[in-house]
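Q:
Protein chains: 2
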Amino acid sequence: MPRTEIQNLELRDQRREQILIAALKVFSRRGMAATKISEIAKEAGLSHGLVYHYFKSKEEIFTLLVQRAAESAVQIIEKARLQEGTPLKKIKWMTEQILQGLSAGEQILLFLIMIQASTSDAVPEEVQHLFSSPEYKSPVNCLVPLIIEGQQCNEIIKEDPIKLAVSYYAFIQGFSISKLQWNQCPIPEADLIIKIFK
Amino acid sequence: MPRTEIQNLELRDQRREQILIAALKVFSRRGMAATKISEIAKEAGLSHGLVYHYFKSKEEIFTLLVQRAAESAVQIIEKARLQEGTPLKKIKWMTEQILQGLSAGEQILLFLIMIQASTSDAVPEEVQHLFSSPEYKSPVNCLVPLIIEGQQCNEIIKEDPIKLAVSYYAFIQGFSISKLQWNQCPIPEADLIIKIFK
DNA sequence: GTCTATAGGCTGATAGAC
DNA sequence: GTCTATCAGCCTATAGAC
Chain A
1 MPRTEIQNLE LRDQRREQIL IAALKVFSRR GMAATKISEI AKEAGLSHGL VYHYFKSKEE
61 IFTLLVQRAA ESAVQIIEKA RLQEGTPLKK IKWMTEQILQ GLSAGEQILL FLIMIQASTS
121 DAVPEEVQHL FSSPEYKSPV NCLVPLIIEG QQCNEIIKED PIKLAVSYYA FIQGFSISKL
181 QWNQCPIPEA DLIIKIFK
Chain B
199 MPRTEIQNLE LRDQRREQIL IAALKVFSRR GMAATKISEI AKEAGLSHGL VYHYFKSKEE
259 IFTLLVQRAA ESAVQIIEKA RLQEGTPLKK IKWMTEQILQ GLSAGEQILL FLIMIQASTS
319 DAVPEEVQHL FSSPEYKSPV NCLVPLIIEG QQCNEIIKED PIKLAVSYYA FIQGFSISKL
379 QWNQCPIPEA DLIIKIFK
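Chains as they are written, first to last, in my numbering: chain A, 1 to 198; chain B, 199 to 396.
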């Protein structure tokens, strides 16, 4: 009995996801240029030919993953804003979520691919456009309003909010890297980072 | 009149340095794998053949640069220890030096190549050995004694010194990346970072 | 849908002329 | 010391069998 249309569509999505997850793993450790399609295929447990059946090119896969990572970076901030409590409480909550996510899982891989995508020149044009486009909501920009709110209720020090946002995000990105450099490295409590706002 | 032996040696060193500086520029923006020898040659203003006259391979150039970067990372900490004042004053002085160095010059390029070398799997074996060898003095390890000193004179909070060192270094690395992502990004004062020690 | 075989292009590295 | 021409190997992407 042949597969139904719906089953085929499900299989298709499943395979695509399988390849994307494998690609995320390899890209985040080796970078876009050094990653070979054969490595992605091997990680996903299928032939390299099949990868090209589901995706047009290596660049397409990379770009897709970067878009996802960018979305998820902004999402966590949006989630924080919906949280109960004062602005600083929201930031603390978010920091806890992020630090926890860094400890395990693929959350850290999304961070790493974002760092690679935004710091390397050796990425597809589409990715470069993504970051330079005016619509692009950078995590720093998303964070600024929350910081200003905190300043208005005297919870956060009266310092240039952009400077504070950049510093905060630098911390987060720095930790992702530290974790990669030294997998067992101790993770600080959210309070330690929050100090920069006081 | 032919060149003397000494002039030849000078020329040789000069050319090597010229190539190394060009390579640092390209590597730090494109990574080890995505960098082509022809790009290094072009940046240095000479033919690709000549690069191979001075260096055995692309990997050799990359490894050399990483070694330099590793040395310079530790050097700044050593310099700080020789400074006058209390431990926290020394750390503050060092932070000012680093933040200033990030603003311009090739100091930031050394940071970036260190980050690449220590976070990517796509680097020469020698580089991987460098970081995993027991003799390797990581910046975090070099910083710990200074932090402990500060704790002993009640200048620094009684928190796991390794955790503090990791956090400090995470910030520094994170900031290098932020600078690359957004060249005009505001630079915080050293005091803002020092807060994590209080 | 999935695989294997292979074309085509690019790049690291070398050889040899000047 | 410096350059240009060239080789050899690898990797992306495709074609075609099952």
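Glycine residues also receive a C-beta, built at the ideal position from the N, C-alpha and C atoms.
9 Å is my cut-off, CB to CB: does B:Pro322 come that close to chain A?
A: Answer no: the Cβ-Cβ gap between B:Pro322 and chain A never drops below 9 Å.
Q: Taking 9 Å as the threshold (C-beta atoms), are B:Gln379 and A:Ile177 in contact?
A: Going by C-beta atoms, A:Ile177 is not nearer than 9 Å to B:Gln379.
Q: Need the endpoints of the alpha helix (DSSP H) that A:Ser103 sits in, please.
A: Residues 87-103.
Q: Just curious, the alpha helix (DSSP H) that A:Ile157 is in, first and last residue?
A: Looking at the DSSP string, A:Ile157 is not in any alpha helix (DSSP H), and its letter there is neither H nor E.
Q: CB-CB under 6 Å to B:Cys340, same chain, minus the five flanking residues each way: which ones, in chain order?
A: Excluding sequence neighbours, B:Cys340 sits near Val272, Ile275.
Q: Between the stretch 87-102 of chain A and the stretch 23-43 of chain A, do at least 3 Cβ pairs fall closer than 8 Å?
A: No: the two stretches stay apart, fewer than three of their Cβ pairs being nearer than 8 Å.
Q: Counting only Cβ pairs nearer than 9 Å, list the residues of chain A close to B:Tyr367.
A: Per Cβ cutoff of 9 Å: Gly174, Ser178.
Q: Just to confirm the assignment, what range does the alpha helix (DSSP H) spanning B:Asn206 have?
A: Its alpha helix (DSSP H) spans residues 203-232.
Q: Output, in chain order, the set of chain A residues within a Cβ distance shorter than 8 Å of B:Thr317.
A: In chain order: Leu112, Ile177, Leu180, Gln181.
Q: Going by the CB atoms, is the gap between A:Ile148 and A:Pro139 shorter than 9 Å?
A: Cβ atoms of A:Pro139 and A:Ile148: not closer than 9 Å.
Q: Distance check for A:Phe175 and A:Ile108, CA to CA, integer angstroms please.
A: A:Ile108 and A:Phe175: Cα-Cα distance of roughly 10 Å.
Q: In or out: A:Pro134 buried (at least 16 other Cβ within 10 Å) or exposed?
A: Under this definition A:Pro134 is an exposed residue.
Q: A:Leu46 by DSSP, collapsed to three states: which one?
A: In the structure shown, A:Leu46 sits in coil (DSSP, three-state: anything other than H, G, I, E or B).
Q: Do you know offhand how far B:Val342's Cα is from A:Glu10's?
A: Answer to the nearest angstrom: the Cα atoms are 53 Å apart.
Q: With burial defined as no fewer than 16 other Cβ atoms inside 10 Å of the residue's Cβ, what is the status of A:Ser120: buried or exposed?
A: Buried, since its Cβ has 16 or more Cβ neighbours within 10 Å.
Q: Would the stretch 84-95 of chain A and the stretch 188-198 of chain A be scored as touching if the rule is three or more Cβ pairs under 8 Å?
A: At 8 Å Cβ cutoff, the stretches touch.
Q: Since B:Leu248 and B:Leu218 should fall inside the 8 Å C-beta cutoff, what is the C-beta to C-beta distance between them, to a whole number of angstroms?
A: Actually they do not touch by this definition, with Cβ atoms about 13 Å apart.
Q: Tell me which residue opens and which closes the alpha helix (DSSP H) that B:Asn339 is part of.
A: B:Asn339 -> alpha helix (DSSP H) spans 337-350.
Q: Taking a contact to mean a Cβ-Cβ separation below 9 Å, would you say A:Tyr52 touches A:Arg15 in this structure?
A: Against a cut-off of 9 Å, the Cβ pair of A:Arg15 and A:Tyr52 comes out as no contact.
Q: Between B:Ile385, B:Tyr367, B:Glu282, B:Ser330, which lies nearest to A:Glu159 when the distance is taken from Cα to Cα?
A: For the residues B:Ile385, B:Tyr367, B:Glu282, B:Ser330, the minimum Cα distance to A:Glu159 belongs to B:Ile385.
Q: So, are the CB atoms of A:Glu46 and A:Ile113 less than 9 Å apart?
A: It should be noted that the sequence gives Leu, not Glu, for residue 46 of chain A. Cβ distance not < 9 Å, so A:Leu46 and A:Ile113 don't count as in contact.
Q: Check each candidate in A:Cys185, A:Val166, A:Gly150, A:Ile156 and name the one with the smallest Cα separation from B:Val364.
A: Looking at the Cα atoms, A:Cys185 is the closest of the given residues.
Q: Alpha carbon to alpha carbon, how far is A:Lys79 from B:Ile323? Give it in angstroms, no decimals.
A: In the sequence as displayed, the identity of residue 323 of chain B is Glu instead of Ile. B:Glu323 and A:Lys79: Cα-Cα distance of roughly 42 Å.
Q: Ignore the nearest five residues each way along the sequence and tell me which others in A:Val43's own chain have a CB closer than 7 Å to its CB.
A: According to the sequence shown, residue 43 of chain A is Glu rather than Val. Counting only Cβ-Cβ distances below 7 Å, and skipping sequence neighbours, we find Ala22, Lys25, Val26.
Q: Can you tell me which of A:Ala122, A:Lys179, A:Ile156 puts its alpha carbon nearest to the alpha carbon of B:Met230?
A: It is A:Ala122 whose Cα lies nearest to the Cα of B:Met230.
Q: Please state the DSSP three-state secondary structure of B:Ala320.
A: Of the three classes helix, strand and coil, the one that applies to B:Ala320 here is coil, per DSSP.
Q: Which of the three DSSP states is assigned to B:Phe369 in this structure?
A: Helix at B:Phe369.
Q: Taking only the alpha-carbon atoms, compute the straight-line gap between A:Leu88 and B:Lys361 and give it to the nearest angstrom.
A: A:Leu88 and B:Lys361: Cα-Cα distance of roughly 23 Å.
Q: Please name the residue in A:Glu5, A:Phe131, A:Ile115 whose C-alpha comes closest to that of A:Ser28.
A: Checked all of A:Glu5, A:Phe131, A:Ile115; the closest Cα to A:Ser28 is A:Ile115.
Q: Take B:Gly283 as the anchor and find which of B:Phe309, B:Lys396, B:Leu344 has the nearest alpha-carbon.
A: Ranking the options by Cα distance to B:Gly283, first place goes to B:Leu344.
Q: Tell whether a beta-carbon distance below 9 Å holds between A:Ala69 and A:Phe111.
A: In contact: A:Ala69 and A:Phe111 (Cβ atoms closer than 9 Å).
Q: Using beta carbons (cut-off 9 Å, strictly below), is B:Cys383 in contact with chain A?
A: Interface residue, yes.
Q: Does B:Met230 get closer than 9 Å to chain A when you measure Cβ to Cβ?
A: With 9 Å as the cut-off, B:Met230 counts as an interface residue toward chain A.
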